[in-house]
Amino acid sequence: TLYAAFGPKRWEGHMPEFLTNATIFGNAAWQWIGLVLLVIASYFVGRFTSFLVVAAWKFFAKRSATRIDETLIGAVRTPFRILFGIAVFRLALDSLALTVVLQNIFDHATFSLLIIGLSLLFLRMLNVTMGWAVSHLPAEAQYEFRRRELRTRFGLLLRVADVIVIILATAAILTQFSFVRTVGLSV
6 TLYAAFGPKR WEGHMPEFLT NATIFGNAAW QWIGLVLLVI ASYFVGRFTS FLVVAAWKFF
66 AKRSATRIDE TLIGAVRTPF RILFGIAVFR LALDSLALTV VLQNIFDHAT FSLLIIGLSL
126 LFLRMLNVTM GWAVSHLPAE AQYEFRRREL RTRFGLLLRV ADVIVIILAT AAILTQFSFV
186 RTVGLSV
């Protein structure tokens with residue numbers, strides 16, 4: 006067998022016997038414990054990495070003349086947390102040597118969260134950009150009707166972009182499942 010030929014998987018050789026003998030859904034107890042610890046560690050590493058990036062960005066934003074930097078920093082904090090946390094989780098997941106079924110479940114989950122994080126990042130950046138554009142419209146009374154018209158157009162454009170991004174993100178998430186792809190082919 007492969008186990009006899011290649012020996013224990015990655016961390017398994019360093020685990021106590023009671024953690025390697027008990028299995029749940031084909032995974033040893035140490036793998037489940039490692040999975041829980043990995044989720045917790047990914048969350049905190051994602052928050053800490055996001056904190057470092059945002060702190061560095063704030064440092065440089067203080068030296069800029071525009072206020073858009075500070076607004077953008079506040080808007081991208083949560084998407085950065087998601088993206089950094091998912092990156093850490095995905096990089097470390099292979100070291101647990103999970104069963105193929107469980108690995109596929111986490112592959113789909115991490116891909117879905119990646120799409121959600123990128124979509125959220127794009128939507129927030131677009132929202133900040135539109136807010137900046139509206140704030141730079143002329144404020145004089147003679148341009149009031151033009152200002153209202155442009156504000157309405159920007160707002161409508163933002164809502165349309167939101168819907169398009171949500172539809173594309175949903176499609177990207179759903180296409181990772183083979184049964185959804187076959188529905189598209191049969192139509």
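Residue numbers (the numbering used here): 6 to 192.
Every residue, glycine too, gets a C-beta built ideally from N, C-alpha and C.
Separation of residue j from residue i, as counted between CA atoms
i, j, result
"Thr157", "Ala166", "14 Å"
"Leu88", "Leu161", "28 Å"
"Ala9", "Phe30", "For Ala9, the predicted model reports a pLDDT of 45, less than 50, meaning its position is unreliable and no value from the coordinates is stated."
"Val106", "Ile171", "28 Å"
"Tyr148", "Leu96", "54 Å"
"Ile169", "Ser55", "27 Å"
"Phe53", "Arg151", "45 Å"
"Leu57", "Phe85", "11 Å"
"Gln181", "Trp62", "34 Å"
"Ser140", "Ala102", "52 Å"
"Ala33", "Leu125", "36 Å"
"Asp131", "Val93", "Sequence check: residue 131 is Leu here, not Asp. C-alpha separation (whole angstroms): 26 Å."
"Trp194", "Val44", "Residue 194 is absent from the model: the chain starts at 6 and stops at 192."
"Leu179", "Ala144", "45 Å"
"Thr28", "Ser183", "29 Å"
"Gly51", "Val59", "12 Å"
"Thr134", "Thr83", "17 Å"
"Gln108", "Arg186", "21 Å"
"Leu42", "Asp74", "35 Å"
"Val188", "Ala138", "42 Å"
Counterpart residues of residue i in DSSP-defined beta bridges
i, result
"Ile178", "In the DSSP output, where bridge partners are listed per residue, Ile178 has none listed."
"Ala33", "Thr28"
Best match in the options for proximity to residue i [C-alpha to C-alpha]
i, options, result
"Arg129", "Ile29, Ser47, Thr76, Ala144", "Thr76"
"Gly122", "Leu42, Trp37, Val81", "Val81"
"Gly136", "Leu163, Ala144, Phe184", "Leu163"
"Leu40", "Asp99, Phe159, Val133", "Asp99"
"Leu142", "Val185, Leu155, Phe116, Ser117", "Leu155"
"Tyr48", "Arg186, Ala177, Leu118", "Leu118"
"Gly90", "Phe116, Ala70, Asp74", "Phe116"
"Ala174", "Thr187, Phe127, Arg153, Thr104", "Phe127"
Expected contact under 8 Å - CB spacing of residue i and residue j to nearest Å
i, j, result
"Ala177", "Ile120", "5 Å"
Inset, instruction - Say whether the stretch 109-121 touches the stretch 54-71, bearing in mind that this needs 3 or more beta-carbon pairs closer than 8 Å, one atom from each stretch. - result: no
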